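Everything in the sequence shown is counted per my numbering, starting at 23 for the first residue and increasing by one.
All C-beta atoms in this analysis are idealised placements derived from N, C-alpha and C, irrespective of residue type, glycine included.
Bear in mind the structure is a predicted one, so any value in this text is a computation, not a measurement.
To start, the structure itself, in structure tokens.
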Amino acid sequence: MRPPARTYIYQNCSPIKTYSLLKALLGSKKMFASANIFSLILSNASLLFATAVPLPALAAKINESEKAVEKVENMSVAQESDTISPASHGTSTQCHGHHCPTQCSDGLDNDGDGATDYPADFGCSSEDDDNESNPKADCQDGADNDGDGKTDYPDDPGCDSPQDDNEYNPPLTECSDGIDNDGDGGIDALIELDSYNGETRSWVGDNKGIRSFVNQKAAELGFTPIPTAYIGQGMVSDDNTTADKVCELAGFSTVDYKDCHKDGPGHGRCNFYSCHDNVIGKWNPGLNDFQLVNACDAKYLSSLTCKHRLPACDDGIDNDGDGDTDYPDDDGCASPNDDSEVPHDPECDNPEDDSERDPECSDGQDNDSDSLTDAQDPGCWTDPFDPGTYDPTDDDETHSVLCGDGVLESPEECDEGASNSNDPDATCRTDCTHQICGDDIVDTGLGETCDDGVNNGLPNYCSLTCDGTTDPVCGNQVVEAGEDCDDGGESATCNADCSAAICGDGQINASAGETCDDGVNNGLPNYCSLTCDGTTDPVCGNS
């Protein structure tokens, strides 16, 4: 009697994964020691069907599919309570129950972009996503996302890695923007690169990227490129001279890693479909070009990593297109380790420096508009290691104006240093102003006879021309020379002429209650009384 059929469930997996599963099961003696028939239930979305396959037919089917299976992917198999570990068949993760791990949770780099699963791979929207391939990060999608004319890692300086999802470059300083900002012929700061640095450049996957790169560089250097008709096909030949040459064209010194794919016996198609399509470019050092050769029955360089990027002045490439290459032939190269062939600006201390211009204290300009330039400007005498010494590297001419330092600066009218004085014959005062009428100093040299400063021009003070005293003014409420009083008008104690109000002074002061005032005649018959309040009675017989 034939043993009962065993049932295995494989859910939501692609045909390739299915064949991978069957291949793994075929090698399990535990599962098939006594079984020659089993039922496979394959469920894919809403599709559910069952097939009964004899082992010989199953084996033939698996062998037929081997060419399409590059590796056994993660899988899930259930047989009652059994758990199968596919580790011995090329996978690294055990599968349990009836759930098949998705590409975004299987621990594999399914799209070969250097990132694995969610959230590291930008092609994964979640752990349940079964496609790692789309979309790609900005720095590997083949598009110039930031419009700077440079595309993807490592060509776009905004890309830190292929998985970087932002091509936008950090803001550039004047000493790193590739522009001669001050018009002196020098560009940016000198950067030296260690030839044994750890920088790498990689091409992965079907390697069309290598093909395009080789053709671009071949055209730039005058080599014979692979014909355009084959640009989307084929690989670069896997021999050392070609791998070395690709790294050389990229400006790297060492082939760090190379990988060749071979799809099956008698084939070397690298994911293409016929020998006719698989034409590769093989580097021929003798002819200095890339030759076309047939790709069948050969291996091809499908992944390449170059290491130790060479400095621009030692990489054999005319990076600035001026016809001269590397140190010492290119005048822009300061040394073999110089990482740019363009002339450098000596005013740039480092790439973070945001000014290519000369410091204010050595640029020949009056930057603070004080009529003083560079070494003449006291703002430049600020050497931190030697105070009081001119510092040509100081980038700030501004300073506080100091009267008495012997340097004429706005708003000073004069500055004679130690000779500044308030003596009448001095030409510059201690406040750095010139002699002038109104400075409260009698400048005999200017012919002044008086100077009451701010009081000049007031009554009984020096005149506005400093040549005499100003006449007093009665009625200004200021008692000045010749006045007894000044109440700004008549009062009980002060007459309108600024004399003291007294009965007998000949002035009738109504404010004092006077009705008459005949001066010295007061008290005489028919004259004002001695109290200025009426007329004295007449006297009979006084002739």
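query, result
"Three or more C-beta pairs below 8 Å linking the region 450-467 and the region 427-440", "yes"
"R223 in three-state terms, based on DSSP", "strand"
"Bridge partners - L326, DSSP secondary structure assignment", "W225, K280"
"According to DSSP, residues forming a beta bridge with C450", "H456"
"Three-state secondary structure assigned by DSSP to C335", "helix"
"Segment contact flag, the region 195-214 with the region 353-372, C-beta cutoff 8 Å, min 3 pairs", "yes"
"Euclidean distance between Cα positions of A241 and S234", "11 Å"
"Cβ neighbours of A532 in the same chain (closer than 8 Å, five flanking residues each side left out)", "E512"
"Which residues DSSP lists as bridging C488, in chain order", "According to DSSP, which records beta bridges pairwise, C488 is partnered with nothing at all."
"C562 classed as buried or exposed, judged by whether at least 16 other C-beta atoms fall within 10 angstroms", "exposed"
"Residues near V423 in its chain [Cβ-Cβ closer than 6 Å; skip 5 each side]", "E431"
"Exposure label - G303; buried when at least 16 CB within 10 Å", "buried"
"Closest residue to E419 among D408, G428, V429, T395 (Cα-Cα distance)", "T395"
"Pairwise C-alpha distance: P560 and P547", "5 Å"
"D371 versus E149 - alpha carbon distance", "48 Å"
"7 Å Cβ shell around N132 - same chain, five flanking residues per side excluded", "Q125, E154"
"Distance between T173 and D375 (C-alpha atoms, nearest Å)", "26 Å"
"Nearest neighbour of E536, chosen from L486, D187, T515 [CA to CA]", "T515"
"Contact belief for C484 with D493 at Cβ below 8 Å, rounded distance in angstroms", "Not quite, the Cβ-Cβ distance comes to about 12 Å (not below 8 Å), so this is no contact."
"Beta-carbon proximity list for D342, same chain, < 6 Å, skipping 5 on both sides", "E363, V364"
"Nearest to N359 (by Cα), restricted to the options H330, S377, G180, D555", "H330"
"Reduced DSSP category for E382 - H, G, I as helix; E, B as strand; rest coil", "helix"
"Under 9 Å between C-beta atoms of G497 and C520", "yes"
"Neighbour-count burial assignment, A397, 16 or more Cβ in a 10 Å radius", "exposed"
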